[in-house]
Structure formats: C-alpha cells, structure tokens
Amino acid sequence: ITSGSWYKFKGQVKFDIRSNDYVFNINDIETYNRKKEKRTDNAEVKRVELHLHTNMSQMDGLIPYKKLLKKVTDFNMRAVAVTDKNSIQIFPKLYNDKKDIKILFGCELSVVDDVVKIITNDSDYNLNDEIVVFDFETTGFNAFAGDKIIEIGAVTIKNGEIISEFNELVDPGIKLREEIINITSITDAMLKGKLKEEEAFKKFKEYFGNKPMIAHNAKFDVSFIKACYEKYNLGTFENPVIDTLEMSRAITPDERRHDLSTLVKRYKVPFDEDGHHRATYDAAATGKVYYKMLEAIGNNYQVVSDLKELINIDNVMKTARPFDITVLVKNNVGLKNLFKIISYANTKYFYKGARIPKSELTKHREGLIIGSGCYSGEVFESAKTKSDDDVLNVMSYYDFIEVNPPSILEHLVETGDFSNTFEMKETIKKIIRLADTLDKLTCATGDVHTLDPNDNIYREILVAQKQPGGGLHPLFKRDIKTIPNAYLMNTEEMLNAFDFIDKDKAYEIVVTNTNIIADMIEDVEIIKPGLCAPKMENSAEEMKNIVYTTAYNTYGQVLPDIIKERLETELNGIIGGNYDVIYLISQKLVKHSNDAGYIVGSRGSVGSSLVATFMNITEVNPLPPHYICPKCKKSIFEINGEKLESKYGSGFDMPDMKCECGTFMKKQGQNIPFETFLGFKAEKTPDIDLNFSGEFQAEAHKYTRVLFGDSYVFRAGTITTIAEKTAYGFVLKYMEDKGQTLRRAEIERLAQNITGIKRTTGQHPGGIIVIPNYKDVFDFTPYQKPAENMEAEWLTTHFEFHDIEENVLKLDILGHDDPTVLKYLCDDVNIDVYDIPLDDKKVMSIFSNLEALGLTEEQVNTTVGSLGVPEFGTKFVMQMLEDTRPKSFAELIKISGLSHGTDVWLGNAQEVIKQGICEFKDVIGCRDDIMVSLIQYGIESQQSFKISEFIRKGKVSKEYDTWVEYSKIMREHNIPDWYIGCCEKIKYMFPKAHAAAYVINGFRVAWFKVYHPIHYYRVLFSIRKSDFEIEVMINGKQAVKNLIKEIEEKEKNEKKAKDEAVYDTLLVANEMYERGFHFDEISLEKSDAVMFKVNENGDGLIPPFITLPSLGESCARNIVEERDKKPFVSIDDLQSRGKVSQTLIDKMRSMGILKGLPESSQLCLFDFEV
C-alpha cells in the first residue's frame, strides 16, 4: 500500500471496546484505478505567485517545499516566489531541489518605521501657550473609504488649565453600526437633526485656527481632518499635531500599554470610564495626561519641535507596531544583503519577534526588489485611512505594489476594518489607481499559506494554537469567524478574484506584471560549491610534523612500508583536499582537553585514519593487528609468513609477546581501511566528531573562539518542527474548542498535515560552524539566537546545519559521560587511563559470564556481567551478549556495531545465525566490513566503496533499480545470497572506528568494575544515574529486590518513563548489594551535594543530598557550602542558611537525617544540667 494510491477493501466494520473506536477487519484488498483529479492551470500565459509561505513560516505556513514544487509543476508555472515570515530557512532545500522551476527567493519582513513622529507638521510654538486637544468619534476607521465623524470634542488648554471647550454631535447621513453604538454610546436618535459633517467640521476649523493640536493616536484623528480638508476643499492642513500615544511610548518604552485608559491611571488623572469614548471627555483627559508627561520629562522641552528629541531608536523598536513587506532577491548582492537583514532582525533588533528598522532595510536594499506586502503592510493600511497624497508618499518607497484577492480579506469586514466588502474592494481599486500615477507595477499576490482550497482546515487548526513564546496567532480573534483561505490560485482563479476591476487591468496585475518581476530576477547562488575550510598558517607542515614525529617515536626512524605508504596516501588525500586544517583544529581541541585532565573519545569514522591516530585525535589504531616494542620500536605484522590480521580481528586479542630486547611488546591495530573515511579519491569531506567530557564541553566550545575569533565561530543551528504527537494534540484542542468529535483516523489524518511545520529554532548540542577567515558569515548563512532567546551566549546559523555542512566546516564537539567517568575513576585509584590493559582476560570474561564478579544468575537475573558498562549495559545489548558469548575484543567491536545499526541485528544477522546459515564471525557488523568483504571477493575497490556506501545508508529500498544493478555485480563475484539478503535489510550501519572507540572506553570502565568495584559504583551512580528511590536503596538488598519486582509486574501501559529509569538504577543497586557492598544513610555531616562518596570502611556508599526527592542541585550545593563554612546547629539553622523548604525538612526528618539536631537555635534554661 502506498500513499496517494486508491484501493478497494472488503471486510467487516465493528466497534472495538479496547480502542473505543470502530475498526475495519480487512478480508480482501485490490487496487482501484481511480484517476485522482488534480488542479491545473490552463491559461496560455501563467501568472507568477510572488508571495508564498512554506512550512518554514513559524506556526503559520503549511506548504512543504516538495509539495510546492509538485504543485507548481502541475500548474506548469515558470516561476514561484517563497517569502516566509522573517525566515529564509527554506532557501537551501529549494535551491538544491528546484529542478526546472525558477525559484524567486524572498522573505516577508516585519518592518518598523523608525522615523516615528511625535509631531506632525513641526513648529517652534511654545508648549505652554494655547493648544487645542481634540478627539473624534466616527462611523468607522477608514476616513478615505466613506467613514465620517459623528462627534467632535475639543478643549483649549494653557499652562495645564482648560480655558474653553468645543463639542458638536454630527449627523453622518448613514445608520450607525451596532459596534459603533456600543463603543461610543452614541445612537442614531442622538444625531438626528444635528449639523452635517461639512458644516460641523468648518465650525471646528474656526475653533482651532492655526493653533497647535494634541490627540491620542493622532494618526487616526488627523486622517479624518485631512479627509475633510480634501472633501470640502479647505486647502492643506498644516497645524502642528502632538501625538500623546507616541509621546508616551517614547517616555515609558518598557510599559506594554499606552491607551488612554491606562495613561490616566499611570498619571493619576481622574477619569470616568463611563465617559470614555465621548469626544470632549476624552479630549480633556488627553490634555491632562499631556501636561503630566511634560512634568515627567522635566524642563528641557520648551517648544513643540523639542519633543522630537524624545525619540530613541531602541525604544522605537520596542514600541512601534511592525508592518509587513515583501522582499525578493534580485541578484547575489541582494542575497548577501538579505542575509544581513535577517541576521539583524533576529538579533540586535529582535523584540517579541524578529523585526528590522526601515532605515536598516533602506541601507541594505541594493539587489533587492521590495513589495508592499499583504493587508498588514503600510500601503494597504494607509489606503484604508489616509489621503491620496499620504498614500502616494508611502507607495513611493516600494518597487512594486501588492494587492490581494478580496476572498482572503473578508475577515477585515468581520473585524470592522471595513464596513462591507464593497468598501474593501474600493480600497483595492484605490491602491491600483494610485500605483498607476507613480508608474509602479501593481501585482496580484495571494499571501499563500496552503496549496489547495480544501487545505484551509489545517490552517484553522494551526491558528488556534498558542504561539512559541506565548501569545496567540494574529488571526485568532473572537470576531474573526473565517480564517482567510489563502491557497495557491491558478491564473484563472486569480483573474476571477479581480472581476470587479477592468478585465485588461486584471490581466495586467495578475499575469503581465508578475512575469515582469520574475524576469527582473537573476539566478543566485544560495549554496557555494565545495568546502570552504578555514586557513591556518603552515597548517599542512605543522600537521605533517606532528604525524611523523609521533610515527618515528612509536615505530622508529625507518618506518615499516605499511605505515609509510599509508601515511603518504592519507596525507596526499588530506592535504590535496584542503582538509589539513580540519585535522589540525581537532588536534588542538583534543590537546586542550587532555591538558585539563580529560581524555577525548572519537566518534564516526575518524579512527580509520592513521594520521588522526598519530595526531592523538583518536585512540583507535586502524592498522592491521601488530606488535610494537616501546623500547626498540620494532614492529611485527606477520609471523612465519602469516599475517596477524588473518588470525586476529583486533591487536588486543593477540597473545603477549616479548621483543628480542626482552621488553613486552604492545599490541595494536583494529584493521580499518582509511577509504571509508575519506573515499578512494578524497571525495568525502572528513567529519571529525569528538566526545568531550560533559564537564569540559563548554570550555572546548569557547576554545574555538580563541582559535578563530568570535566573528567566525557559530553554533550549528537546528529547526524544531511540529511532531506527530504534538500535531495530534493540536487537533484534539481545536475540536474541543469547536465542540466537535472526530474519529481517531480522521484526527490522525488532520494531524499528519500539520506535522513538519516550523515551531522554533535551536542549536546542535555539539556542532560548531567555522567560517573561513577569508570570508564572512553572510557569504554562507544569516545568523540568529537559538529559540529566540536573546540571552543565549552563542549565535547560531540561521540555516539548518545539514543544509550547509558540505559548504563550511562543522566541528562536532559533543558532551559525553565516558571521559568524565574515566577521569573520576582514575583519580579515585590513582591510575593513568592509558595504563589500563585492554587485553585483560578477567575483564573480557564479564561480557560472557559472571564468574569474575563472583555472582550467579539467580542473584542478578542475567548471565553476563556488563550491567552499567557503557555500550554494553542495556537490556538489548546484554541479550546480544548472551546470544553470542563473545571471547575477543574484535567480537565486542562487532557487537557494538550491530547494536548501533538499524535493521542490522534483529530480523537480520540474528536470524541467519539462528538458522545455522553462518557463524557470528561471518555476519556484517560494521559498515567497513562490507567494503572489505567485497574487495576480498574480487570487486574493484572503487566499486566496492560505492556499493558499501549505498548499503550502509539504507538506500536499497529507496533506489531499488540501483540495487538490482549492484546485487547483480555481487552475485557475479560469488557473494552468497544470504549475505546479499542481509545487505538488503540494512537501514543504517555503524562505523567500525566508532565502535572501536566506544569499546575501548567501555572496556576501561569494565576494568574498574572488576578490580575496583566500590569506586565503579560510586562514579556510576554519581555521573550516569539521576533517578533514585533513595529510601528504598538505603533500606537494604531485599527492599531493592521488592521494588524491582513491583516495577516488573506493572502492565506496560502503566509504566512511566520514570519507572524505567528507576528500574535501571535499582538493577545496579541490587548488583552492588550482591557483591557485598551497601548504601549508608544520607549524612548531614558527610554527604556531598551531587556525588556519592565511599565510606570510611570502603564497603559502602554515602548518597549525596541531590538524591532526596525534589531537592535540586542548587539547593544541594548550598547546603554543602553553608555546612563547610560552619556546622548546622539546629533545624532552623539548616532551613535558614541552607534555604531548605519545609517539605524537604519533613522528608529529612522522616529519613533520620536530622537525628540529634535540635529544632531551634535558641537556648533554653532547661537544656542545661544543674
């Protein structure tokens, strides 16, 4: 069954009590050849969509880029723009997969006009002279779209005193809308017989004369003044107007609200809410607030023009309301400028969301084509309320003017922005008319959020959810009943949407002009070709010097041919590919950690590089198994003509041997080909992943800044999208709000269509992106803060790191427990980690039996002793150990590879072993095994590499035709069918070098388990475990066993994640008890904050304070810090200085921790003996 296909099913439908839903028991399935109807575009010349949101518009767009490309192909459109909101994270994906479609790369930006006007029509008029404060009540919000004044209220003030008033009710000649009556308390009856607007306004004009004026939210009131001047031929309005709304924002930018009701409370101005929204009352209150604000700012402001000095760009960015614009990238200059704009919008100008000042946009507009945006743009906004001259002034900034189809603007009638659809269409006509007077291209754009008309339900669900960081979607309002159905219209649909304008004009704005814009745009280079690695002076020479110094010190001045030839091969590939810097950086990072006392574990395939081994980047030696004499440097790779690799899979498995000089020789070599790391022709970019101690990881990250400088180092950015479970919850919430009930299958269908939508951003836990010092970051990516957290220490790449990892250097500096565990263990017993033997037979035995631990299966319910050992302590891997009973280090590496792969062991290798088809030694354990085996069967090396890469990436099921070809080659070289069958099932394979590195450290930890058990358990509980039932654990072995049994007996659906974590901890606690150790009680005098401690007798562990339920790390550390200053003298003292809650005090008391500690520090006469 495949998605998108049709089938006929036969069976029975019945209600299932268990699932509380109807289920369909299928008896028969057959394909159904129903031709799926798909929307097409049959126009001879197609329109171009210039405004479209993909699913990278945060919690807003719903269009996956692959579906977009398919739909545009179905429409046979030549081009389409992508304009996600304040994001261009879709660029790399579309750039790499655009096929024959011209992608117009763009963005919808939130812009703030940083030229804020507290004053309209500047003046040197004295602030203490007469000023007219006024307010209008109106029939609506749109002065130039038919709305009229219904009340004029004004007061003239001087030195804070009201010296005259003006009030006039006005007959608008139309019936008032219900919401206007509710807001103003003015009724039609009150206006009957009053002056008409023209007469009333002229009367008001005489009142204010040429005096300065004040209004709250003056833009609104001034728009009605200008409309009256225009309608009644009164000339040009030139009076200075002070806006108390903008004045308040400038004075108190950190306050959230600046409406009149809030300001009268803030400045303690008497105000009756019942009188609010009556013009004269509001005008008087505004005047009083104005004088209170003048008092607040002091005496430095004497004349009207002085108030301009209140404006501060940082404050403007916080208080001004952003508007939307569309930006399209015209050329590569514009692309880089857009990278800068996106970076600044998401960092230095970020405030409750990404935003950019208009002045910053202007500074970087070269190479960009700027459109006026949707209904949230300033052109549309001004067209609703302002005069033609004002709209023309706003329009002049833009390269093209956008108009949206009325169908996606209907909600503006519901919100009261327009009285009716006719008024809204008249505004669209006005925009088109005014754009023509400026010779601006007007383009019909869809502000597209979905692909098809039926997709709007998904957007409705999305709009109903809380937005990241809190708050609601702008469309989630009580008065919006219809979410705009902004789907991708074909040409005919868009032309029909503009049937209210001239037919030729409609064609011009829908087809002609959108294609002209598309033709203006050049091809741009989103992703640069090849790797742009940083440069370090003399890096190649420094690398070679380190490598050969180590080689000579280890293998002598005359290197064996196998080493000499391999080093030459590797170095030629590394230096020829300009990868030497990558190696050198890694070497410096590892050395920095080693110098601080922490080892570093390697990940991935880097251990297959001998150069990396000799640079101390990895401990894995990839050479074939061999002996080395640490004294005379002699090396042995074969004995009596037989290569050691033919007998041993790992050098650690070889028997001890003495050199001719009498020194015991070291054993090395894991037999890993270099080609799996870099390819036969150095065609693969080396990916060096390193495991640092979690305690040192942050320092390692900071060290990259020391090496390259802050401007060149960024955390690797990630994108978090809506997951399936989250989407399911969103659908349930939406249905609950709507009072609807849906079947589970329908809920899952709806949820499926909102998964993958961007929810927030983040950072890779260890990924560091290094920008080469001969470039800057804007040559590759914008930057931002992770998860919109402006307090975050690091900047991240705006592009998801996977999209640019072939382009810039990514360092994987990951945190891992193993280096931390080994540091504590080695410190405990005073041993160098490199002195721990990796061929210890006793340690090796615990991976197949319990003898070395002195345990039986009855005691610990397993037959192997690897519980708690890194990579070998899980239930899954312990079962593998019981199935295979490994006896060698090489087998441990294979088990590690099998356990980390996908579809490699279960249902694959495990089955062929059980069926007796092959032995464990024959199965594919790691990805390198495939290439080595294919070469051994006679397949050419380069071909073997290609086939092994194909298999290990799980491409068999995805690219079956290629697999048919490859499997034919394998059969032609007599590779067994069972082996080919195993290859077919593989989804992912682990690198052998990675497995070897993990096993080395796991074996070291196992050594402590065998020889220093109490320290092993101390560190294990301290570092690797965080979920404790400490009361049970200190209560003895039987209490631990009882709780283990209780958790095991729980039904699967009753078990919580906490139960599983506690269960794992208890298994280790039980093992520790069975080996003769125990837990002491938590001690107020002896317990550490976070680390378990070995007691004085060496037979038990003292738990730390953090194991107490609900006691956090900061509290635990505070207790110890205060105790070390001076002992606690009472429970009150502990609670006060240790900042311990009463709940925790009660818990400590019940556990006996406070035994002997008095309740209070106060002395009592009866406490003393007489």
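Residues 6 to 1175 in our numbering are what the sequence shown lists, from first letter to last. Ideal Cβ placement from N, Cα and C applies to all residues, glycine included. Because the structure is a prediction, the values reported are computed rather than measured.
(message) As a quick exercise: from LYS13, CYS988, GLY959 and LYS963, pick the residue whose alpha carbon is nearest that of SER972.
(response) In the sequence shown, the residue the question calls residue 972 occupies position 967. Minimum Cα distance to SER972 is reached at CYS988.
(request) Indicate whether GLU142 and ILE124 have their beta-carbon atoms separated by less than 7 Å. (result) Position 137 of the sequence shown, counting from 1, holds the residue named residue 142. Position 119 of the sequence shown, counting from 1, holds the residue named residue 124. No; because the gap between Cβ atoms is not below 7 Å, this pair is not in contact.
(request) Could you check which residue in ASN244, ILE436 and LYS107 has the C-alpha nearest to that of LYS1176? (result) Any question about residue 1176 goes unanswered here, given that the chain covers just 6 to 1175.
(message) Between which residues of its own chain and THR291 is the CB-CB distance below 8 Å, once the five residues before and five after are set aside?
(response) For the purposes of this step, residue 291 is taken as residue 286 along the sequence shown, with counting starting at 1. These residues qualify, in order along the chain: VAL138, ASP140, ILE219, ALA220, HIS221, THR249 and LEU265.
(request) Report yes if the CB atom of GLU428 is closer than 7 Å to the CB atom of ALA150, and no otherwise. (result) Stepping through the sequence shown from its first residue, residue 428 is reached at position 423. Stepping through the sequence shown from its first residue, residue 150 is reached at position 145. Result yes, Cβ atoms of GLU428 and ALA150 sit closer than 7 Å.
(message) On the criterion of 16 or more Cβ atoms from any shown chain inside 10 Å, does ASN147 qualify as buried, or is it exposed?
(response) As a first step, residue 147 must be located in the sequence shown, where it is residue number 142. Buried.
(message) Here's the rule I'm using: 16 or more other beta-carbon atoms within 10 Å means buried, otherwise exposed. How should CYS637 be labelled?
(response) Working through the sequence shown from its first residue, we reach residue 637 at position 632. Counting Cβ neighbours within 10 Å, CYS637 comes out exposed, since fewer than 16 surround it.
(message) Please report the distance separating the alpha-carbon of ASP845 from that of MET662.
(response) What you label residue 845 is simply residue 840 of the sequence shown in a count that begins at 1. What you label residue 662 is simply residue 657 of the sequence shown in a count that begins at 1. So the alpha carbons of these two residues sit roughly 15 Å apart.
(message) Can you list, in chain order, the residues of its chain with a C-beta nearer than 6 Å to that of LYS13? Leave out the 5 residues immediately preceding and following it.
(response) In the sequence shown, counting from the first residue as 1, residue 13 sits at position 8. Counting only Cβ-Cβ distances below 6 Å, and skipping sequence neighbours, we find GLU35 and TYR37.
(request) Over the uninterrupted beta strand (DSSP E) stretch that includes ILE374, give me the two end residues. (result) The sequence position of residue 374 within the sequence shown is 369, counting from 1. ILE374 -> beta strand (DSSP E) spans 373–376.
(message) Please report the straight-line C-alpha distance between ALA502 and ALA449, rounded to a whole angstrom.
(response) Taking the sequence shown and counting its residues from 1, the one referred to as residue 502 is at position 497. Taking the sequence shown and counting its residues from 1, the one referred to as residue 449 is at position 444. Using only the alpha carbons, I get a separation of about 10 Å.
(request) Identify whether LEU1170 lies in helix, strand or coil by the three-state DSSP scheme. (result) Mapped onto the sequence shown, residue 1170 falls at position 1165. For LEU1170, the predicted model reports a pLDDT of 43, less than 50, meaning its position is unreliable and no value from the coordinates is stated.
(request) Have a look at THR426, MET64 and VAL616 and flag the residue whose alpha-carbon is nearest the alpha-carbon of LYS549. (result) Translated into positions along the sequence shown, residue 549 becomes position 544. Nearest of THR426, MET64 and VAL616 to LYS549, Cα basis: VAL616.
(message) Considering only their Cβ atoms, is the gap separating GLY609 from GLN702 smaller than 7 Å?
(response) Mapped onto the sequence shown, residue 702 falls at position 697. Mapped onto the sequence shown, residue 609 falls at position 604. No, these two residues do not count as a Cβ contact at 7 Å.
(request) Look at the Cβ atom of THR690, then the Cβ atom of LEU536, and state whether they are nearer than 7 Å. (result) In the sequence shown, counting from the first residue as 1, residue 690 sits at position 685. In the sequence shown, counting from the first residue as 1, residue 536 sits at position 531. In contact: THR690 and LEU536 (Cβ atoms closer than 7 Å).
(request) Check ASP361 in the structure and name its three-state DSSP category. (result) Indexing the sequence shown from 1 puts residue 361 at position 356. Correcting the residue type first, residue 361 is Ile in the shown sequence and not Asp. Strand.
(message) For the alpha helix (DSSP H) containing CYS988, name the first residue and the last one.
(response) The sequence position of residue 988 within the sequence shown is 983, counting from 1. Per DSSP, CYS988 belongs to the alpha helix (DSSP H) from 982–990.
(message) Does the region 389–398 come into contact with the region 355–362, if we say contact requires no fewer than three beta-carbon pairs (one atom in each stretch) closer than 8 Å?
(response) no
(request) Kindly identify the DSSP beta-bridge partner or partners of TYR492. (result) Reading the sequence shown from its first residue, position 487 is the one you call residue 492. Paired residue(s): THR455.
(request) Run the CB neighbour count on GLY22, radius 10 Å, all protein chains shown included, and call it buried at 16 or more, exposed below. (result) Locating residue 22 in the sequence shown gives position 17, counting from the first residue. Sequence check: residue 22 is Ile here, not Gly. The residue is exposed, with fewer than 16 neighbouring Cβ atoms inside 10 Å.
(request) Select from TYR463, ARG1128, ILE167 and LYS389 the residue whose C-alpha is nearest the C-alpha of LEU755. (result) Stepping through the sequence shown from its first residue, residue 755 is reached at position 750. Cα-wise, what sits closest to LEU755 is TYR463.
(request) Tell me, to the nearest whole angstrom, how far the beta carbon of THR879 is from that of TYR993; I am working on the premise that it is less than 8 Å. (result) For the purposes of this step, residue 879 is identified with residue 874 of the sequence shown, where counting begins at 1. For the purposes of this step, residue 993 is identified with residue 988 of the sequence shown, where counting begins at 1. Contact doesn't hold; Cβ gap of about 18 Å is too wide.
(message) Whether or not the region 997–1011 and the region 622–632 are in contact is what I'm after, with contact meaning three or more pairs of Cβ atoms, one per stretch, closer than 8 Å; do they touch?
(response) yes
(message) For a test of the three-state rule: what should DSSP assign to PHE225, helix, strand or coil?
(response) Sequence index remark: in the sequence shown, residue 225 carries index 220 (1-based). Reduced to three states, the DSSP call for PHE225 is helix.
(request) Compute the Euclidean distance between the alpha carbons of PRO458 and ILE413, then round it to the nearest angstrom. (result) As a first step, residue 458 must be located in the sequence shown, where it is residue number 453. As a first step, residue 413 must be located in the sequence shown, where it is residue number 408. Cα-Cα distance, rounded: 12 Å.
(message) So if DSSP puts ILE136 in a beta bridge, which residue, or which two residues, is it bridged to?
(response) Position 131 of the sequence shown, counting from 1, holds the residue named residue 136. In the DSSP output, where bridge partners are listed per residue, ILE136 has ILE162.
(request) Identify, in the order they occur along the chain, each residue of the same chain with its Cβ nearer than 6 Å to the Cβ of ASP1172, setting aside the five sequence neighbours on each side. (result) For the purposes of this step, residue 1172 is identified with residue 1167 of the sequence shown, where counting begins at 1. Caution applies to ASP1172, whose pLDDT of 48 falls short of 50 and renders its modelled position unreliable; the model cannot decide the point.
(request) Would you decide whether TRP968 is buried or exposed? Buried here means 16 or more other CB atoms lie within 10 Å of its CB. (result) Locating residue 968 in the sequence shown gives position 963, where the first residue counts as 1. When all chains shown are included, TRP968 counts as buried.
(request) Measure the alpha-carbon distance for VAL1175 versus ARG1128 and round it to whole angstroms. (result) For the purposes of this step, residue 1175 is identified with residue 1170 of the sequence shown, where counting begins at 1. For the purposes of this step, residue 1128 is identified with residue 1123 of the sequence shown, where counting begins at 1. Caution applies to VAL1175, whose pLDDT of 39 falls short of 50 and renders its modelled position unreliable; the model cannot decide the point.
(request) Can you tell me the Cβ-Cβ gap for SER128 and PRO245, rounded? I've got them flagged as a contact below 8 Å. (result) Your numbering for residue 128 matches position 123 in the sequence shown. Your numbering for residue 245 matches position 240 in the sequence shown. The pair is a contact, with the Cβ atoms about 4 Å apart (cut-off 8 Å).
(message) So, under 8 Å CB-CB, ILE1039 and PRO981 are touching, yes? Tell me the CB distance rounded to an integer number of Å.
(response) If you number the sequence shown from 1, residue 1039 lands on position 1034. If you number the sequence shown from 1, residue 981 lands on position 976. Between PRO981 and ILE1039 the Cβ distance is about 56 Å, and since that is not below 8 Å, they are no contact.
(request) Assuming VAL869 contacts GLU876 (C-beta within less than 8 Å), just tell me the rounded distance between them. (result) Position 864 of the sequence shown holds residue 869. Position 871 of the sequence shown holds residue 876. Not quite, the Cβ-Cβ distance comes to about 13 Å (not below 8 Å), so this is no contact.
(request) Specify the secondary structure class of VAL1175 as computed by DSSP and reduced to three states. (result) Here the question's residue 1175 lines up with position 1170 in the sequence shown. Model confidence at VAL1175 stands at a pLDDT of 39, short of 50, so the residue's coordinates are unreliable; what they give is reported in the following sentence. Looking at VAL1175 - three-state DSSP - the assignment turns out to be coil, as it is neither helix nor strand.
(request) Alpha carbon to alpha carbon, how far is ASN101 from GLU970? Give it in angstroms, no decimals. (result) The residue you call residue 970 lines up with position 965 of the sequence shown. The residue you call residue 101 lines up with position 96 of the sequence shown. Approximately 27 Å between the Cα atoms of the pair.
(message) In the DSSP output, what is THR36 paired with across the bridge?
(response) Start at 1 with the first residue of the sequence shown, and residue 36 comes out as number 31. Answer is TYR12, bridged to THR36.
(message) Could you tell me the alpha carbon to alpha carbon distance between SER8 and ASP65, rounded to whole angstroms?
(response) Counting from 1 along the sequence shown, the entry for residue 8 is found at position 3. Counting from 1 along the sequence shown, the entry for residue 65 is found at position 60. Their backbone Cα atoms lie some 25 Å apart in a straight line.
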